[in-house]
Amino acid sequence: MSTESDITPSAADRHHPLLKLALELGPLLIFFFANLRGQWLVETFPALSELGGPLFVATGLFMAATIISLIVSKIVLGHLPIMPFVSGIVVLIFGSLSIWLQNETFIKMKPTIVNALFGVALLGGLAFGRSLLGYVFNAAFQLDAEGWRKLTIRWGIFFLFLAVLNEVVWRNFSDGTWVAFKVWGTMPITIIFTLAQMPLVLKHSINPETDGEK
-13 MSTESDITPS AADRHHPLLK LALELGPLLI FFFANLRGQW LVETFPALSE
37 LGGPLFVATG LFMAATIISL IVSKIVLGHL PIMPFVSGIV VLIFGSLSIW
87 LQNETFIKMK PTIVNALFGV ALLGGLAFGR SLLGYVFNAA FQLDAEGWRK
137 LTIRWGIFFL FLAVLNEVVW RNFSDGTWVA FKVWGTMPIT IIFTLAQMPL
187 VLKHSINPET DGEK
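Just so you know, we're using this note's numbering here: the sequence shown kicks off at -13 and counts up by one.
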């Protein structure tokens, strides 16, 4: 099993951008729907009652959707993107613990663990002279070294912010509010942050083909 390790985007990445987005968002949307319609799902598929309450049913389906997403990514794209791969592992570990112990805390802390892990990894990588963000956004754009360094710092801090924000929400609000925030709150915040980085991206963008001709 190999993960995406080349900063140069693969042909599959360039040809299937919408598929990559669907594979990343799909499991989250299933998680939201399953939590919202948990009772209906249990009545329709009684076997799901073995998992526990609505949040545990949603967690089980979230895990299944994550596995399917990773398999499709491996088959169609030819590799496992780093962020979904790492997030998927944490989902399976914490989701299993949540269902097994019937303790919602584990799955609620999953975003905290994942975001903190990414934030520390990105900022820590810079300490060793590696801008790891290039391995994540390789299919989106190409930047010079300074651009990747600045963007990595910003995303590292942003991931740590998301980790803290998740802790605040799940510890102070209802399960429904947390699930809604996880799907409909985190994504808009991330999109806004991403758009805010476009001036930096445009300033440091490079054209590999043009540079190779010089």
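Ideal Cβ positions, reconstructed from N, Cα and C, are used throughout, including at glycine.
This one's a predicted model, so the numbers in the text were calculated from it and none came from an experiment.
Provide the residue span of the alpha helix (DSSP H) that contains residue i, from first to last.
i	result
D161	D161 to A166
N158	A131 to N158
I192	Neither: I192 is in no alpha helix (DSSP H) and is coded neither H nor E.
Return the Cβ separation of residue i and residue j in integer angstroms, given the expectation that the two are a contact with Cβ distance under 8 Å.
i	j	result
P70	E10	6 Å
I85	L47	Not quite, the Cβ-Cβ distance comes to about 11 Å (not below 8 Å), so this is no contact.
S59	P13	So it is not a contact: roughly 11 Å between Cβ atoms.
F145	V155	Contact flag wrong, Cβ pair sits at about 16 Å.
V219	V28	For residue 219 there is no data in the structure shown, the boundaries of the chain being -13 and 200.
L181	G142	So it is not a contact: roughly 18 Å between Cβ atoms.
T45	I93	5 Å
V77	M49	6 Å
Using three-state DSSP, classify residue i as helix, strand or coil.
i	result
S117	coil
S(-9)	With a pLDDT of 39 at S(-9), under the threshold of 50, the predicted position of this residue should be treated as unreliable, and no value is reported.
T180	helix
T196	Note that T196 scores a pLDDT of 49, beneath 50, so its modelled location is shaky; the value from the coordinates is reported in the next line. Helix at T196.
Within 8 Å of any Cβ in chain D, is that where the Cβ of residue i sits?
i	result
A166	Checking the listed chains, one finds no chain D in this structure; it contains a single protein chain.
Can we say the stretch 103 to 116 touches the stretch 142 to 162, given the rule of at least three CB pairs closer than 8 Å? Flag = yes, the stretch 103 to 116 and the stretch 142 to 162 touch.
For the pair the stretch 20 to 27 and the stretch 38 to 56, tell me if three or more CB-CB distances fall below 8 Å. The stretch 38 to 56 and the stretch 20 to 27 touch, with three or more beta-carbon pairs separated by less than 8 Å.
As an exercise, report each continuous alpha helix (DSSP H) stretch of at least 4 residues that is fully enclosed by the stretch 18 to 92, in chain order. Every unbroken stretch of the alpha helix (DSSP H) spanning 4 or more residues and falling wholly within the stretch 18 to 92 is given here in chain order: 24 to 30, 40 to 58 and 68 to 87.
For the structure I just gave you, are there three or more beta carbon pairs, one from the stretch 54 to 63 and one from the stretch 128 to 135, closer than 8 Å? Put simply, the stretch 54 to 63 does not touch the stretch 128 to 135. Fewer than three CB pairs are less than 8 Å apart.
Does the pairing of the stretch 72 to 82 with the stretch 133 to 143 give three or more beta-carbon distances under 8 Å? By the Cβ criterion, the stretch 72 to 82 is not in contact with the stretch 133 to 143, since fewer than three pairs of Cβ atoms, one from each stretch, lie closer than 8 Å.
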